[in-house]
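These notes are about the structure you will find just below.
Number of protein chains: 2
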Amino acid sequence: MSNARSRPRRVTIKDIARAASVDPSTVTRALQQSPRVKPATREKIAALAADMGYVPDMAARTLVMRRTGLIGVVIPDMTNPFFRDLGQGIEDEAAKHGLRVLINDTRGIESAEREAVRLFQELQVEGIIVPMARCPQSYYERVREACTVVQVNRPDASFHVSCDTIEGSLLIMRHLLDLGHRRIGFVSGPAIPGEDPKMLAYRAALEEAGIDYDPNLIFGFDGTLKSSSAIVDQLLGLRKRPTAVFAHNDINAIAMLRGLRECGIAVPDDISIAGHDNIRLSAYVEPPLTTVAWPMYELGQKSVRYLYSLSHGKRPRKPRVSAPELIVRESTGGPKAARRKQTRSSV
Amino acid sequence: MSNARSRPRRVTIKDIARAASVDPSTVTRALQQSPRVKPATREKIAALAADMGYVPDMAARTLVMRRTGLIGVVIPDMTNPFFRDLGQGIEDEAAKHGLRVLINDTRGIESAEREAVRLFQELQVEGIIVPMARCPQSYYERVREACTVVQVNRPDASFHVSCDTIEGSLLIMRHLLDLGHRRIGFVSGPAIPGEDPKMLAYRAALEEAGIDYDPNLIFGFDGTLKSSSAIVDQLLGLRKRPTAVFAHNDINAIAMLRGLRECGIAVPDDISIAGHDNIRLSAYVEPPLTTVAWPMYELGQKSVRYLYSLSHGKRPRKPRVSAPELIVRESTGGPKAARRKQTRSSV
DNA sequence: GCACATAATACAAACGTTTGTATTTCAGCC
DNA sequence: GGCTGAAATACAAACGTTTGTATTATGTGC
């Protein structure tokens, strides 16, 4: 029926010009609605172009126009709803500026990230948006000599759009403190504790509330699920258990939920658990997890606006940092709550 | 520190040629390791290119080479793990052929799908892969006049790579029959029942087992969660309840799980439930859902191989259809099972 | 040192589009 | 009917790269 194998040379502006017996330049102008071509000619050419199935060759156009109207987005993990929201924000904002979006998934692999950036550079995109970059900043410094790069959630980057991690963690901590908790545990991430902004917020919040810092309440999480059960053991082994725990991310918090349940500890009645990130699963676990969410859609929009102003030579104002949002679900409650409920139906 | 706003004209092959005092053509050949240039020159040029941060202009290259080495993937929903696996298969297979992959998310919007296809056409990609296309086939017939298109899971397309829905549903049905079920219900999807391949498989399997078709065991699902509780009511209202139900997708099956639990009906002891699709949640619900999965990674690989052979003028052999895979979890069991267990811990 | 082969490099055209400038066409007017 | 000015169109160069061909350098054998 059709002819994918014969590869019929694609129809160009010259073909249309010949068919309409005009000059190629007239075809171009006709297609871009220039007032320089007579309406009748314009219509004839438009009809011809449609009939012949003309699709402009972006390569040729890019070559002469020096712009593609493309934005490249380098995503570590497509599946993460985080990035869907971010992508949506990017897409919507890009559309407002007449920009089109291309995505490349790196699966969190650093070399793939480099290749993606390279590909976008070759494609001459107007700018590249890189959320949660794996590559070192020195690499991006270099790339930025040739191409606009806006990073998301890398506050150390020159041009970035971020969310305040400390602020988010403070929201969680204040929530727990407001509920009346005085002994609050913290499960740190794989990062060096000293540099961990969540840890900073944890201590700042305690200080704010006039509570002494107790190193016994700090637990180390190495990213594996196995270690989370070790943490539960460690937690339950304490003479004075904390009444609430702030885990550095939801994965971790959910693993703890499971571990505690297996030990017959009720959440939030015996202990409150709060996470961070608001991954999709957090809404479905039993009990649904209190956590903090980042406004990814908004960050997506902002990153495009920032990119746009940068690539239009505007003075890059210091990028504003968005505020995170506290999401209170059922995994947190007052300490030693009076109202003991039976485990609800899950999912 | 850097200069994103001054927009320093990007470095071209001519700049390198000037710096090395050779002709641009020599630079090209040096960079592509041609034996025509003296090793010393080649190294000098390579060093210069690296120093000056040269990145080839794909537009110019595409223009003269008439090929981009790019594949475009039009995805309805990035977040769906389905497409992550598919994308992974595409990516891996593409790498083998020296092809690079570009993604565009349409969020299931038909107009966005058209725009994505258009963008990829303008970019002169080698081919476009479209899983679960929204646009009508007539549209793709037209596109295929100019560009290779391989569709995934659209058995009606000219060039497609698919999975056999009927076969998958037969797997589910035979599983239920093997367990000893004789009264099996079916929850249909929004599709017209007569054309639904799952319905076809349902009836075929019954016939195979010598069981009469009973229209009372067919339930209509309109895609809303509300309707699933209606289905549960309808189900429980029957004089002779089915001992197992095959739901046309996991969303539906999971909603039923919830509904049945609320009515105090045990799964799988009182009734077995099987779904279709193997969405991520299905492994986490209580009890974990028996379902059928499609080998998306394999489909991704196949689609690239197919694309590759098509765009190399090979005779397009009728695409082979992959086999779906039965995933038996805990939501199915023998009818009126002796061993009654208490509800396990969820998630 | 001269012819010759071959290695190394330079030249020039081409890809499809856009755009500034030159040329033609055509009314309207005296 | 020739002149003017504007409208419509044609011409040509350019974008950065590749590649076939022409040209120049380099070495070899006598």
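Just so you know, the sequences run in chain order A and B. Just so we're aligned, residue 1 is where the first sequence starts under the working numbering, counting upward by one. Just so we're aligned, residue 1001 is where the second sequence starts under the working numbering, counting upward by one. Yeah, the Cβ is synthetic: ideal placement off N, Cα and C, and Gly gets one too.
Give every residue of the same chain whose Cβ lies closer than 8 Å to the Cβ of residue i, excluding the five residues on either side of it in the sequence, and list them in chain order.
i: residue 100/A; result: 69, 70, 71 and 94
i: residue 6/A; result: Here the model assigns residue 6/A a pLDDT of 48, short of 50, so the residue's position is not dependable, and the following value carries that caveat. Cβ within range, chain order: n/a, list empty.
i: residue 1019/B; result: 1048 and 1052
i: residue 1146/B; result: 1121
At the 8 Å Cβ level, is residue i part of the contact set with chain A, yes or no?
i: residue 1048/B; result: no
i: residue 1298/B; result: no
i: residue 1252/B; result: no
i: residue 1053/B; result: yes
i: residue 1121/B; result: yes
i: residue 1290/B; result: no
i: residue 1103/B; result: yes
i: residue 1131/B; result: no
i: residue 1260/B; result: no
i: residue 1084/B; result: yes
i: residue 1062/B; result: yes
i: residue 1197/B; result: no
i: residue 1087/B; result: yes
i: residue 1329/B; result: no
i: residue 1247/B; result: no
i: residue 1142/B; result: yes
By alpha-carbon positions, which one of the options ends up nearest to residue i?
i: residue 291/A; options: 147/A, 246/A and 143/A; result: 246/A
i: residue 332/A; options: 287/A, 325/A, 308/A and 296/A; result: 287/A
i: residue 111/A; options: 82/A, 74/A and 102/A; result: 74/A
i: residue 1295/B; options: 1066/B, 1307/B, 1090/B and 1200/B; result: 1090/B
i: residue 237/A; options: 216/A, 257/A, 252/A and 251/A; result: 216/A
i: residue 1256/B; options: 1211/B, 1149/B and 1187/B; result: 1187/B
i: residue 230/A; options: 259/A, 212/A, 206/A and 202/A; result: 259/A
i: residue 159/A; options: 184/A, 329/A, 311/A and 323/A; result: 311/A
i: residue 1299/B; options: 1084/B, 1136/B, 1142/B and 1313/B; result: 1084/B
i: residue 1127/B; options: 1106/B, 1205/B, 1097/B and 1136/B; result: 1097/B
i: residue 321/A; options: 177/A, 303/A, 22/A and 309/A; result: 303/A
i: residue 1213/B; options: 1102/B, 1035/B and 1185/B; result: 1185/B
i: residue 1309/B; options: 1240/B, 1143/B, 1136/B and 1148/B; result: 1148/B
i: residue 329/A; options: 175/A, 206/A, 182/A and 233/A; result: 175/A
When you compare the CB of residue i with every CB in chain B, is at least one pair closer than 8 Å?
i: residue 124/A; result: yes
i: residue 214/A; result: no
i: residue 81/A; result: yes
i: residue 236/A; result: no
i: residue 283/A; result: no
i: residue 58/A; result: yes
i: residue 94/A; result: no
i: residue 256/A; result: no
i: residue 266/A; result: no
i: residue 173/A; result: no
i: residue 29/A; result: no
i: residue 145/A; result: yes
i: residue 10/A; result: yes
Can you list, in chain order, the residues of its chain with a C-beta nearer than 6 Å to that of residue i? Leave out the 5 residues immediately preceding and following it.
i: residue 12/A; result: none
i: residue 133/A; result: 151 and 154
i: residue 1198/B; result: 1169 and 1248
i: residue 179/A; result: 334
i: residue 45/A; result: 20, 27 and 30
i: residue 172/A; result: 246, 274 and 292
i: residue 42/A; result: 30
Spatial neighbours of residue i within its chain, please: C-beta separation below 7 Å, excluding the five flanking residues on both sides.
i: residue 1305/B; result: 1093
i: residue 1014/B; result: 1024
i: residue 220/A; result: 188
i: residue 1016/B; result: 1027, 1045, 1048, 1049, 1052 and 1054
i: residue 88/A; result: 297 and 300
Using DSSP's beta-bridge definition, name the partner residues of residue i.
i: residue 127/A; result: 71/A
i: residue 153/A; result: Looking at the DSSP assignment, residue 153/A forms no beta bridge with any residue, so it has no partner.
i: residue 1100/B; result: 1070/B
i: residue 159/A; result: According to DSSP, which records beta bridges pairwise, residue 159/A is partnered with nothing at all.
i: residue 1325/B; result: 1293/B
Are there any heavy atoms of the ligand ADP lying less than 7 Å away from the beta-carbon of residue i, as far as the coordinates show?
i: residue 101/A; result: The model depicted lacks the ligand ADP and carries no ligand whatsoever.
Notebook entry, point to check: Counting pairs of Cβ atoms below 8 Å between the region 1053-1062 of chain B and the region 117-137 of chain A, do you hit three or more?
Noted result: yes
Check: Can at least three beta-carbon pairs, one atom from the region 246-256 of chain A and one from the region 264-275 of chain A, be found at a separation below 8 Å?
Finding: yes
Margin query: Quick check: the region 256-265 of chain A against the region 150-166 of chain A, are at least 3 beta-carbon pairs closer than 8 Å?
Written below: no
Margin query: Counting beta carbon pairs with one atom in the region 1073-1092 of chain B and one in the region 73-86 of chain A, are three or more of them shorter than 8 Å?
Written below: yes
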